Amino acid sequence: MTHTIMMIGYGAMGREVHRLLPEGVVLGCIIEHPAACEALQRELGDDIAVVSSVAACRVVPALVLECAGQPGLRAHGADVLRQGWSLAVISVGALADPALYAELCRAAEQGSSRFEVLAGAVAGMDGLAAAREGGLDTVTYEARKAPRSWQGSHADTLIALDRVTEPAVFFEGSAGEAALLFPANANVAATVALAGVGMEATTVRLVVDPHTTRNTHRIVATGRFGEFAIELSGYPLEANPKTSTLAALSVVRACRRLVTPALI
Numbered sequence: 064m065t066h067t068i069m070m071i072g073y074g075a076m077g078r079e080v081h082r083l084l085p086e087g088v089v090l091g092c093i094i095e096h097p098a099a100c101e102a103l104q105r106e107l108g109d110d111i112a113v114v115s116s117v118a119a120c121r122v123v124p125a126l127v128l129e130c131a132g133q134p135g136l137r138a139h140g141a142d143v144l145r146q147g148w149s150l151a152v153i154s155v156g157a158l159a160d161p162a163l164y165a166e167l168c169r170a171a172e173q174g175s176s177r178f179e180v181l182a183g184a185v186a187g188m189d190g191l192a193a194a195r196e197g198g199l200d201t202v203t204y205e206a207r208k209a210p211r212s213w214q215g216s217h218a219d220t221l222i223a224l225d226r227v228t229e230p231a232v233f234f235e236g237s238a239g240e241a242a243l244l245f246p247a248n249a250n251v252a253a254t255v256a257l258a259g260v261g262m263e264a265t266t267v268r269l270v271v272d273p274h275t276t277r278n279t280h281r282i283v284a285t286g287r288f289g290e291f292a293i294e295l296s297g298y299p300l301e302a303n304p305k306t307s308t309l310a311a312l313s314v315v316r317a318c319r320r321l322v323t324p325a326l327i
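Numbering (our numbering), first residue to last: 64 to 327.
So this is what it looks like as structure tokens:
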């Protein structure tokens with residue numbers, strides 16, 4: 064059996080996900096910015112429809128993948144859910160906006176659908192969410208990346224990235240603040256917050272490190288269950304250094320679940 068999916072956005076992440084789609088899953092439709100549709104349609108040919116809105120999609124997807132960043136989720140997420148289609152969200156930072164989160168929940172109720180928050184660039188979110196059931200005391204998240212991974216973000220206004228010679232913390236605050244100020248970089252902060260103690264109670268530290276070529280994520284949680292610390296040191300996506308390769312692989316895994324009888 065073949066499962067047809069739809070993708071919102073076809074940038075660096077979308078292309079990587081498309082390349083790695085598991086057998087039995089095919090891309091049938093892409094939603095892109097109107098200005099990009101014609102050129103992308105010529106590139107991909109007639110087997111994949113490239114449209115600018117959910118209403119223009121002529122397939123019924125088994126799953127919709129949001130790979131467009133926060134603006135794409137804002138523009139199309141609710142329309143997808145009102146259609147009754149399942150939505151996998153990777154731009155989790157957008158959910159730090161309570162109005163958008165509430166809108167997506169209402170749309171899911173209207174369409175009898177649901178949206179899944181993907182783990183993205185980190186692991187252990189199942190354990191963190193389980194620990195929350197017994198009561199969490201503190202959750203701290205630290206992101207450490209090279210200067211080029213922070214360039215073009217709000218970090219440019221906080222620190223001279225081109226003159227950093229040693230690791231430096233340039234932001235410390237809540238996950239809600241981080242996710243909204245750094246939409247291309249801090250989706251993990253929002254993911255950790257949603258799995259744990261919430262946007263305002265989750266402490267976030269952002270670090271620029273001129274000596275690293277990886278994106279390092281460290282999560283420390285304490286609670287009734289005990290304490291854990293998780294650290295992942297992953298490579299950024301070659302075509303987009305603001306995104307971790309593992310984030311794209313998280314989207315691929317969501318597709319594999321369509322064709323796998325046993326879920327882990």
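Glycine residues also receive a C-beta, built at the ideal position from the N, C-alpha and C atoms.
These figures come from a predicted structure and were not determined experimentally.
Within the chosen definition, does the stretch 278-296 reach the stretch 191-200 through at least 3 CB pairs nearer than 8 Å? yes
Range of the contiguous beta strand (DSSP E) that encloses Ala-209: Stepping through the sequence shown from its first residue, residue 209 is reached at position 146. Looking at the DSSP string, Ala-209 is not in any beta strand (DSSP E), and its letter there is neither H nor E.
For Val-255, which option in Arg-316, Asp-272, Gly-297, Leu-181 has the closest C-alpha, if you only look at C-alpha atoms? Translated into the one-based positions of the sequence shown, residue 255 becomes position 192. It is Leu-181.
What do you get for Asp-142, buried or exposed, if any count of 16 or more other CB atoms within 10 angstroms of its CB means buried? Counting from 1 along the sequence shown, the entry for residue 142 is found at position 79. By the 10 Å Cβ count, Asp-142 comes out buried.
Anticipated Cβ contact below 8 Å, Glu-235 with Arg-268, distance rounded: Counting from 1 along the sequence shown, the entry for residue 235 is found at position 172. Counting from 1 along the sequence shown, the entry for residue 268 is found at position 205. Contact flag correct, Cβ pair sits at about 5 Å.
Tell me the DSSP secondary structure of His-81 in three-state form. Locating residue 81 in the sequence shown gives position 18, counting from the first residue. Helix.
Candidates Val-155, Glu-129, Pro-124, of which the one nearest Gly-147 by Cα: Sequence index remark: in the sequence shown, residue 147 carries index 84 (1-based). Looking at the Cα atoms, Pro-124 is the closest of the given residues.
Return the chain-ordered list of same chain residues with a C-beta closer than 6 Å to the C-beta of Glu-179, the five sequence neighbours on each side being excluded. Within the sequence shown, numbered from 1, the residue matching residue 179 stands at position 116. Only Ala-151 meet the Cβ criterion.
For Ile-71, count the other beta carbons within 10 Å of its own beta carbon; 16 or more makes it buried, fewer makes it exposed. Which is it? To locate residue 71, count along the sequence shown from 1; it is residue 8. Buried, because 16 or more other Cβ atoms sit within 10 Å of the Cβ of Ile-71.
Would you mind working out which of Ser-175, Ile-222, Glu-240 sits nearest Val-232, comparing C-alpha positions? Locating residue 232 in the sequence shown gives position 169, where the first residue counts as 1. Looking at the Cα atoms, Ile-222 is the closest of the given residues.
Mind reading off the beta-carbon distance from Val-227 to Val-271? Whole number of angstroms is fine, and I expect it under 8 Å. For this step, residue 227 is matched to residue 164 along the sequence shown. For this step, residue 271 is matched to residue 208 along the sequence shown. Yes, Val-227 and Val-271 are in contact; Cβ-Cβ is about 5 Å, under 8 Å.
Close Cβ partners of Ala-242 (< 6 Å) along its chain, the five nearest in sequence each way excluded: What you label residue 242 is simply residue 179 of the sequence shown in a count that begins at 1. So the list reads Gly-156, Ala-159, Ala-249, Ala-252, Ala-253, once near-sequence residues are dropped.
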